[in-house]
Amino acid sequence: MLIVALGGTIAMTASPSSHTGVSPKLTAKDLISAVPALGRVAEIETLDFRQCPGASLTVDDIAELAARLRQEALDGVEGFVITQGTDTLEETAYLLDLLYREEAPVVLTGAMRNPSMAGADGPANLFAATCTATSPQARGRGVLAVFADEIHAARHVRKVHSTSTGAFASPSAGPVGGVVEDTAHFHFAFDRIPGIVQPLHRQAEVELVEATLGSSGVLLDGLEQRVDGLVVAAFGAGHVPAQWVTRLEVIASRVPVVLATRTGAGRTLTGTYAFAGSEKDLLSRGLIRSGCLDARKARLLLLAHLRSGSGRATIESAFIPYC
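Residues 13 to 335 in my numbering are what the sequence shown lists, from first letter to last.
Have a look at this one:
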């Protein structure tokens, strides 16, 4: 079992001379030393891969991590736990799920309370994640996230609270399992999402714009000259203000534009509504439906395909499994 540390709240402490806040300082060995029970679950090795807050992780960091995990798995490592900041964990989990295709389980976890706080949740989350990563049932299921003894699939998990120790949920599907008495139990089987095997050798810019009440869409002006792709976090089932329609049609004629919902759960529709700015109208103007994939993850799917060199047809096909 390899525990890989990227930083985040779970690894944050204050400097002895500072009383202004915490920052990432603890190593992977520091983290496991706080959880003696790990020794009865697995033989642990550690890797300090990054030491930064979750907000500072990049797509290139995760692509490099995926390559490292693949090599470690080919070398015989049977499971991985990744500790990182929770700010971006729902995104890094999904991106890893796209890029890492081996059978050895990968489980992400972290903490909402740093180690100096009463009731710090990092040790319990690390223990539950390790129990999951060592479970034979976790093999071949892709990347998972474990918090508060719940197991979530990377494609569904979202951070739904800014401070609660129960900050992670899967609004569209619910948790896929849980950890009880040191054992991971899965509620149901599920297929892995299609992956991207090519390296992310190209550079690309993909932005996300959210529809809001009364927005004129000024941020869309000339955007096709500045980005390689766009995701729209639309109202409800895929709706935007009427003022956005012409702008989005222009952008979609130049670069891929994906239509997602800003709600955090549910799917974009295809033909229930027909007003200007409805899902039917926008899809007829060349936008790509994200289905049940939320806007943040739709951005990562589009970005990863653009960076791997995929063309328009391949990109459109990549969203079909979510529809």
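Ideal placement from N, C-alpha and C gives every residue a C-beta, glycine not left out. In this text, all values refer to a predicted model and were calculated from it rather than measured experimentally.
Cα-Cα separation between residue i and residue j, rounded to whole angstroms
i, j, result
"Arg7", "Ser35", "The chain is shown only over 13 to 335; residue 7 falls outside these bounds and no answer can be derived."
"His213", "Gly229", "32 Å"
"Val209", "Leu318", "13 Å"
"Ala277", "Gln237", "31 Å"
"Gly323", "Ala223", "27 Å"
"Thr338", "Ser290", "Lying outside 13 to 335, the shown extent of the chain, residue 338 is not represented and no answer is given."
"Trp256", "Ala67", "30 Å"
"Thr121", "Ala23", "12 Å"
"Asp233", "Thr282", "26 Å"
"Cys64", "Asp293", "43 Å"
"Asn137", "Thr25", "18 Å"
"Cys304", "Ala185", "10 Å"
"Leu156", "Thr100", "14 Å"
"Val343", "Leu315", "Outside the shown range of the chain (13 to 335) lies residue 343, about which nothing can therefore be said."
"Arg297", "Gly250", "13 Å"
Candidates the options: closest to residue i by CA position
i, options, result
"Phe202", "Ala330, His168, Pro211", "His168"
"Pro187", "Val172, Ile163, His197", "Ile163"
"Arg274", "Val262, Val243, Thr258", "Val243"
"Ala116", "Ala145, Thr98, Ala78, Ser302", "Ala145"
"Arg308", "Pro65, Asp240, Leu271", "Leu271"
"Ala62", "Gly154, Ile15, Val118", "The sequence given here has Arg at residue 62, not Ala. Considering only alpha carbons, the answer is Ile15."
"Ala246", "Ile44, Ile300, Met129", "Ile300"
"Leu235", "Asp161, Ala85, Val269, Val118", "Val269"
"Val191", "Pro206, Asp161, Thr175, Glu217", "Asp161"
"Thr142", "Ser128, Val118, Leu107, Ala181", "Val118"
For residue i, three-class secondary structure by DSSP
i, result
"Asp60", "strand"
"Ile205", "coil"
"His173", "coil"
"Val243", "strand"
"Val119", "strand"
"Ser320", "helix"
"Gly97", "coil"
"Phe180", "strand"
"Thr25", "strand"
"Phe200", "coil"
"Glu55", "coil"
"Thr104", "helix"
"Ser35", "strand"
"Val89", "coil"
Exposure label - residue i; buried when at least 16 CB within 10 Å
i, result
"Cys335", "exposed"
"Glu55", "exposed"
"Ala286", "exposed"
"Pro333", "exposed"
"Lys41", "exposed"
"His173", "exposed"
"Asp133", "buried"
"Ala123", "buried"
"Glu103", "buried"
Whole beta strand (DSSP E) elements within the region 254–305, 3-residue minimum = Listed in chain order, they are 269–273.
Could you tell me which uninterrupted alpha helix (DSSP H) segments, each at least 4 residues in length, are contained entirely in the region 123–172, listed from first to last along the chain?
-> Qualifying alpha helix (DSSP H) stretches, in chain order: 134–145.
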